[in-house]
Amino acid sequence: MKLNEGLEGVNNSIKLSPEQLDSLKELGNIGSGNAVVALSELVNKRVEVSLTGIKIIPFWELNNIFPDQETNIFGICSNITGKHNLTVLQIFTKESMINMINSISEISIDDIHEIEELDDLTRSIISEIGNILAGHYASSLANLMGIKLIPNVPVLALDSIGAICNSVAANYSELTDSIIIINTNIKIEELSIDGIICFIPSIDTIKIIFDLLKIK
Amino acid sequence: MVYEERIDRIIKPNQNGEIFLPIAHYALVNSSKKYKNYKTISIYGLGSCIAILLTDSINHIHAMSHVLLPTSENKEASQIKLPHKFVNTSIKDLVDKMIQSGAKLKNLKAVMIGGATIFDNEFNCIGKQNIKIAREVLSSLNIKILFEEVGGKKGRTIIYNIGDDIIQIKTSKDTITKKIN
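Order-wise, the sequence lines are chains A and B. All residue numbers for the first sequence refer to the working numbering, where the first residue is 2 and numbers rise by one. All residue numbers for the second sequence refer to the working numbering, where the first residue is 2 and numbers rise by one.
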């Protein structure tokens, strides 16, 4: 799964310097690197990671950057709230999620149509995968900056990317029209798992991050 | 029709006559025979967002918006560059623009779609709040809601066929087709 290329002709209300963009990318690399190590231990397989990308887009284009608007995908959304507001959003194709569940547990699933039909065990396995990835992502950033970042229990969705992005956009666009998304693609060839980890900080949190890292 | 310079209005349909409406955007069309180039207005992946369709079937003016959040209470009206980001400002803007284009307030009727809860254990109930505020604003303007297809847990795709005045609402489970007027 790859993110589509950035869209042109957009008015961004946030302007970041090349140093700022690079440092956010580097945070994405560190966070996703840690998350991927944890994932690789969980499934006991090699995980391939792409370089981290960063995009600043108006909130209504959030869903456009993901491929495949029509089919249903899994979204695992871990929010960190309080002093710092950020989200770690994980997107997996439905097949990827089924393969992942089947490979790390005794359960064997053929297909999933909706979240409500999942039994408690399957649901908690998915939550736990989300928790492990988001937790490692956040804690590596927290360590780096000397702050506390503890993700809430993740919420799950199985729907089109547009519908999933609505909730994320709603969370971050009350005050601004731009969303910063720092994304890393992950792939586990042996298990046919394909996904994207996105780190979405609020504008206020970005400012705090730049202050802490002494980036102007 | 009045064509005002607005970044959030989708005027040009694609070559098939379709208008795709992103969040915080709106479209206003005239369905009389003079304006044949418009065929449909569509929204893909409507989650907690809400689509508001207002129609004046007598003057053939129809407008639809794709709205993200319930109210703009924390913001001054002049600061809002995108009125269709919020339900309360969106409905008012749609009504204004429709009246400017020749519609009459007393003829306006509404259709409301969306406001689903996509994530389980949702952290916020944006969808439900969107529905609530939309009902309040519409009733304060005495605009009758012809029908609504709101709430639930599934994302929707909607295709409004302008010429036939038929709206199609698809979820991953089923498809509903409704004649509006």
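No residue lacks a Cβ here, since even glycine has one placed at the ideal position from N, Cα and C.
In the three-state reduction of the DSSP assignment, I216 of chain A falls in the coil class, being assigned neither a helical nor a strand state. Taken through DSSP and simplified to helix, strand or coil, P202 of chain A comes out as strand. Contact between I62 of chain B and M99 of chain B holds, since their C-beta atoms are separated by about 5 Å, short of 8 Å.
Here I183 of chain A is near G29 of chain A, since their CB atoms are less than 8 Å apart. Taking C-beta separations shorter than 8 Å and ignoring five residues to either side along the sequence, the partners of T206 of chain A in its chain run H85, N86 and L87, following chain order. Looking at the DSSP output, I187 of chain A sits in a beta bridge with A:V50 and A:G196. For K180 of chain B, the uninterrupted beta strand (DSSP E) segment begins and ends at T176 to K180. Between the stretch 63-75 of chain A and the stretch 166-173 of chain A, the count of Cβ pairs shorter than 8 Å is three or higher; the stretches touch. Look at K133 of chain B: its C-beta is not under 8 Å from any C-beta on chain A.
Closer than 8 Å to the CB of K155 of chain B there is at least one CB belonging to chain A. Rounded to whole angstroms, N186 of chain A and L213 of chain A show a C-alpha spacing of 27 Å. Closer than 8 Å at the C-beta level to chain A, one finds these residues of the stretch 10-27 of chain B: P23, I24, A25 and H26. K13 of chain B carries a coil assignment under DSSP once its states are collapsed to helix, strand and coil. For E150 of chain B, DSSP records a beta bridge to B:I114. Closest by C-alpha distance to K93 of chain B, out of B:M65, B:I114 and B:G116, is B:M65. In the DSSP assignment, T90 of chain B falls within the alpha helix (DSSP H) that extends over V88 to Q101.
Contacts with chain B at 8 Å (Cβ-Cβ) do not include S179 of chain A. Between I57 of chain A and I181 of chain A, the beta carbon gap of about 5 Å places them in contact (Cβ cut-off 8 Å).
Shortest Cα-Cα distance from V88 of chain B to any of B:S140, B:S33 and B:I132 involves B:I132. By the CB criterion at 8 Å, I44 of chain B and V68 of chain B fall outside the cutoff.
Cβ-Cβ distances below 7 Å link I24 of chain B to C50, H67 and L69 in the same chain, with the five nearest sequence neighbours on each side left out; the list follows chain order. In this structure Q91 of chain A is buried. Its beta-carbon is surrounded by 16 or more other beta-carbon atoms within 10 angstroms. A Cβ of chain B is located within less than 8 Å of the beta carbon of N73 of chain A. Note: G76 of chain A is bridge-paired with A:I92 and A:A158 in the DSSP secondary-structure output. In the DSSP assignment, A104 of chain B is bridged to no other residue. A direct Cα-Cα distance of roughly 39 Å separates G32 of chain A from S91 of chain B. With a cutoff of 8 Å on beta-carbon distance, I81 of chain A and N153 of chain A are scored as near each other.
Only those residues of the stretch 26-59 of chain B whose C-beta falls short of 9 Å from the nearest C-beta of chain A are listed: H26, I44, Y45, G46, L47, G48, S49 and C50. Three or more beta-carbon pairs separated by less than 8 Å are not found between the stretch 16-30 of chain A and the stretch 118-125 of chain A, which leaves the two stretches without contact. Taking 8 Å as the CB threshold, F67 of chain A stays off the interface with chain B.
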